[in-house]
Amino acid sequence: MRYVIIGTSAAGLAAAEVLRARDREGSITLISEEEHLPYSRPLLTYLLGREIKPEKIFLKSADFFAHLRLTAILGEPVVKVNPVTCEVRLGNQKAIPYDRLLIASGARPRLLNIPGQDLTGIYTLRHLADVDRLEAGLAPGGTVVVVGAGAVGLKVADCLVSRGLTVKLLARGSQPLSRILDPVSADLLMQVIKEKGIDLHLHSWPEAILGKQGRVTGVALNDNRELKAQAVIFSVGVEPRVEFLAGTNLAEAGGIRVDSFMRTSVPEIFAAGDCCLPHHLITGQPAAFHIWPAAVAQGQVAGANMAGGRRRYDGILPQNSISLKGFRIITGGHFAPDTADGEIYTELDLPRRRYRRLVFQEGRLVGVTLVGEVEQAGIYFQVMAQKLPVRGLVADPKSKDFHPGKLWG
Amino acid sequence: MKTVIIHPERCVGCFQCRIACAVEHSRTKSLAGALFEAVRPVPRLRIYPGRQHLAFPNKCRHCDPAPCQQVCIAGAISRAPRGTVQIDPDRCINCAMCAMACPFGVLSYAPTFKAPEKRAVALKCDQCPEREGVGKVPACVEVCKVGALTYGEVEDAQEAKGRAFAQAVFTSLKADKEAGAAIPEMITLWRQLS
Chain G
356 MRYVIIGTSA
366 AGLAAAEVLR
376 ARDREGSITL
386 ISEEEHLPYS
396 RPLLTYLLGR
406 EIKPEKIFLK
416 SADFFAHLRL
426 TAILGEPVVK
436 VNPVTCEVRL
446 GNQKAIPYDR
456 LLIASGARPR
466 LLNIPGQDLT
476 GIYTLRHLAD
486 VDRLEAGLAP
496 GGTVVVVGAG
506 AVGLKVADCL
516 VSRGLTVKLL
526 ARGSQPLSRI
536 LDPVSADLLM
546 QVIKEKGIDL
556 HLHSWPEAIL
566 GKQGRVTGVA
576 LNDNRELKAQ
586 AVIFSVGVEP
596 RVEFLAGTNL
606 AEAGGIRVDS
616 FMRTSVPEIF
626 AAGDCCLPHH
636 LITGQPAAFH
646 IWPAAVAQGQ
656 VAGANMAGGR
666 RRYDGILPQN
676 SISLKGFRII
686 TGGHFAPDTA
696 DGEIYTELDL
706 PRRRYRRLVF
716 QEGRLVGVTL
726 VGEVEQAGIY
736 FQVMAQKLPV
746 RGLVADPKSK
756 DFHPGKLWG
Chain B
277 MKTVIIHPER
287 CVGCFQCRIA
297 CAVEHSRTKS
307 LAGALFEAVR
317 PVPRLRIYPG
327 RQHLAFPNKC
337 RHCDPAPCQQ
347 VCIAGAISRA
357 PRGTVQIDPD
367 RCINCAMCAM
377 ACPFGVLSYA
387 PTFKAPEKRA
397 VALKCDQCPE
407 REGVGKVPAC
417 VEVCKVGALT
427 YGEVEDAQEA
437 KGRAFAQAVF
447 TSLKADKEAG
457 AAIPEMITLW
467 RQLS
């Protein structure tokens, strides 16, 4: 059996490891556009902030591919997948035939549709090469505008401030992380952002990037203000990388549609990770959430099924962990209930900067936000993932003295 | 695999295990020394007020496959050759992904002398590898005065517990109900199991 995997990040690697464990004989080929050894994408911001040593970003040692007898084609883009002839065509026109194919091509950062984005000094942070570009382009003591106050934007702003740069962080709405935080937890976060020295601009969004002689000089905002800056970093979300599937009917705008076995509409082609559209654990509807743990889980399921197994993917449960040096927020599941009987329980301990917000619907826990004290988050996530009825729990999560440990003791 | 086995019905919540654990994970490995270390060590197991029992000791189960290992974005969590799940403080970035994944809520985040430059890293039970090297049982097991923490094969413990429960059920069917009525449930269970 000839297995081919497009992508060597979370999903691709997880699939390769499971495949090799289940099929000792088959040939496994991994293809990546990036020439580096597999590395951890979420660590890029930590690398930029110099919180980790450069060699710690690599997840696998140099002998990883040889050890699992994997053929790695690194530094070569995939330009086409032909499901009829069962071939993957590379940038150098070489064709790789397959019996089972996994598409784990991931996503690429979005930009905004505004003028000036071709200037020198515009950055995104998604690949290891982006860190090198940023390192080369960031002048010490300069000013950087970070567009988008999501999880990546916040972390980028935090690490640039700690490197001594002046950072202006732009949020489109009235708070950062508007899709996952309620105003109370966002207020707690904004206090910390202020203490870190990040200059947060609310209701501010760029309308154009200003430049002189091909270099960024500033950003024109929607409220007619102008911010001076030597660099602009966009963190406004990602889009799936599926352009090499043009004409195959496999991909739609949001990504590659898969069933609960991570199989696409073509039986011998599977998809996993940021490029696909798995079903949501709570709603069952296709949902795109680009998170590392989900990509690993999907890769494992796809790998098992490619080797002839029948493993079902539980579904994606959105989760985020935001950590600004000592201040932590963990969120998961729904932000708001989507049925009429929905209920939100909150508990705020302002002096200690602790906050607990639970979302219930149909007698089940469907969403959680923990600020400050997050060590027990996994227990809430299990209650959500297993869809346990709240009434059946031995301790009431809505009581003041609730502690997740009570569910165990 | 040999592991620390918890018998919550025996725990009285004296916290001796927590002290022993912190001391074992200190630089000096002595109680007096630990108090004066630059990085004060913290225990890696928790005791909750119990619901069914007086107290409930909670610690890492060294699951296989381990959910924390699968979600670790830093590649800091791995399985040691002896079967335990271990965290490399040098690689840990304190991101709390493992806290989201752990269904038992056993992780804590604190500084450790093994990575003094870091504000905090993820900490959990490592089953005292240095003690095992010299043939000792884990520190928490050694100090437990009531037999709530024991060290052995999980399968053996399951079998022994199954037998004890079967015996307890059998005894209770025969026992005079009046005689057992005044004794609190935990004590009754404890006696039945010993």
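Heads up: the sequence lines are chains G and B, in that order.
For the first sequence, the residue numbers in our numbering are 356 to 764.
For the second sequence, the residue numbers in our numbering are 277 to 470.
For every residue, glycine included, the Cβ atom is placed at its ideal position computed from N, Cα and C.
{"Query": "Using beta-carbon positions only, say whether residue 648 of chain G and residue 373 of chain B come within less than 9 Å of one another.", "Result": "yes"}
{"Query": "For residue 647 of chain G and chain B, any beta-carbon pair shorter than 9 Å?", "Result": "yes"}
{"Query": "Could you say which of G/608, G/715, G/747 lies nearest to residue 697 of chain G if we only look at CA atoms?", "Result": "G/715"}
{"Query": "Should residue 433 of chain B be flagged as near chain G, meaning a C-beta pair shorter than 9 Å?", "Result": "no"}
{"Query": "Would you list, in chain order, the members of the stretch 394–411 of chain G that have their beta-carbon closer than 7 Å to a beta-carbon of chain B?", "Result": "395, 397, 398, 401, 406, 407, 411"}
{"Query": "With H, G and I counted as helix, E and B as strand and the rest as coil, what does DSSP make of residue 422 of chain G?", "Result": "helix"}
{"Query": "With a Cβ-Cβ cutoff of 9 Å, do residue 632 of chain G and residue 643 of chain G count as a contact?", "Result": "yes"}
{"Query": "Does chain B have any CB closer than 9 Å to the CB of residue 651 of chain G?", "Result": "yes"}
{"Query": "Nearest CA to the CA of residue 560 of chain G: which residue from G/587, G/492, G/411?", "Result": "G/587"}
{"Query": "Quick one: does residue 384 of chain B have its CB under 9 Å from some CB of chain G?", "Result": "yes"}
{"Query": "Are there 16 or more other CB atoms within 10 angstroms of the CB of residue 422 of chain G, so buried, or fewer, so exposed?", "Result": "exposed"}
{"Query": "At a Cβ cut of 9 Å, what residues of the stretch 685–712 of chain G count as close to chain B, listed as they run along the chain?", "Result": "685, 687"}
{"Query": "Determine, for residue 627 of chain G, whether the minimum Cβ-Cβ distance to residues of chain B falls below 9 Å.", "Result": "no"}
{"Query": "Considering only residues of the stretch 504–529 of chain G, which uninterrupted beta strand (DSSP E) runs meet the minimum length of 3 residues and lie entirely inside it, listed in chain order?", "Result": "521–525"}
{"Query": "Which residues in chain B have a C-beta closer than 9 Å to the C-beta of residue 733 of chain G? List them in chain order.", "Result": "343, 344, 374, 375, 376, 377, 378, 379, 380, 381, 382, 383"}
{"Query": "So, does the stretch 317–336 of chain B touch the stretch 378–390 of chain B, judging by three or more C-beta pairs under 8 Å?", "Result": "yes"}
{"Query": "Assign residue 579 of chain G to one of three DSSP states: helix, strand, or coil.", "Result": "coil"}
{"Query": "For residue 668 of chain G, name the three-state secondary structure that DSSP assigns.", "Result": "coil"}
{"Query": "Below 8 Å, how does it come out for the stretch 527–537 of chain G and the stretch 433–446 of chain G: are there three or more Cβ pairs, yes or no?", "Result": "no"}
{"Query": "Ends of the beta strand (DSSP E) at residue 725 of chain G?", "Result": "719–726"}
{"Query": "Distance, Cα to Cα, residue 585 of chain G vs residue 488 of chain G?", "Result": "14 Å"}
{"Query": "Just how far apart, CA to CA, sit residue 582 of chain G and residue 573 of chain G?", "Result": "5 Å"}
{"Query": "Could you round the C-beta distance between residue 733 of chain G and residue 708 of chain G to whole angstroms and report it? I think they count as a contact, below 8 Å.", "Result": "So it is not a contact: roughly 21 Å between Cβ atoms."}
{"Query": "Using a Cβ-Cβ cut-off of 9 Å, state whether residue 424 of chain B counts as contacting chain G.", "Result": "no"}
{"Query": "CA-CA distance, residue 492 of chain G and residue 553 of chain G?", "Result": "20 Å"}
{"Query": "Which of the three DSSP states is assigned to residue 487 of chain G in this structure?", "Result": "helix"}
{"Query": "If I measure Cβ to Cβ from residue 428 of chain B and keep anything under 7 Å in the same chain, skipping five residues before and after, which residues do I get?", "Result": "278, 281"}
{"Query": "Run through the DSSP bridge pairs and tell me what residue 435 of chain G is partnered with.", "Result": "G/444"}
{"Query": "Interface residues of chain G around residue 371 of chain B at Cβ under 7 Å?", "Result": "676, 678"}
{"Query": "Is there a Cβ of chain G sitting closer than 9 Å to that of residue 367 of chain B, yes or no?", "Result": "yes"}
{"Query": "DSSP state of residue 383 of chain G, grouped into three classes?", "Result": "strand"}
{"Query": "Is it the case that the Cβ atoms of residue 778 of chain G and residue 466 of chain G are separated by a distance below 9 Å?", "Result": "It is not possible to answer for residue 778 of chain G, since the shown part of chain G is limited to 356 through 764."}
{"Query": "According to the Cβ coordinates, are residue 336 of chain B and residue 401 of chain B closer than 9 Å?", "Result": "yes"}
{"Query": "I want to know whether the stretch 437–457 of chain G touches the stretch 621–628 of chain G - three or more CB-CB distances under 8 Å.", "Result": "yes"}
{"Query": "Is the beta carbon of residue 746 of chain G less than 9 Å from the beta carbon of residue 722 of chain G?", "Result": "no"}
{"Query": "When the Cα atoms are used, what is the spatial distance from residue 463 of chain G to residue 410 of chain G?", "Result": "24 Å"}
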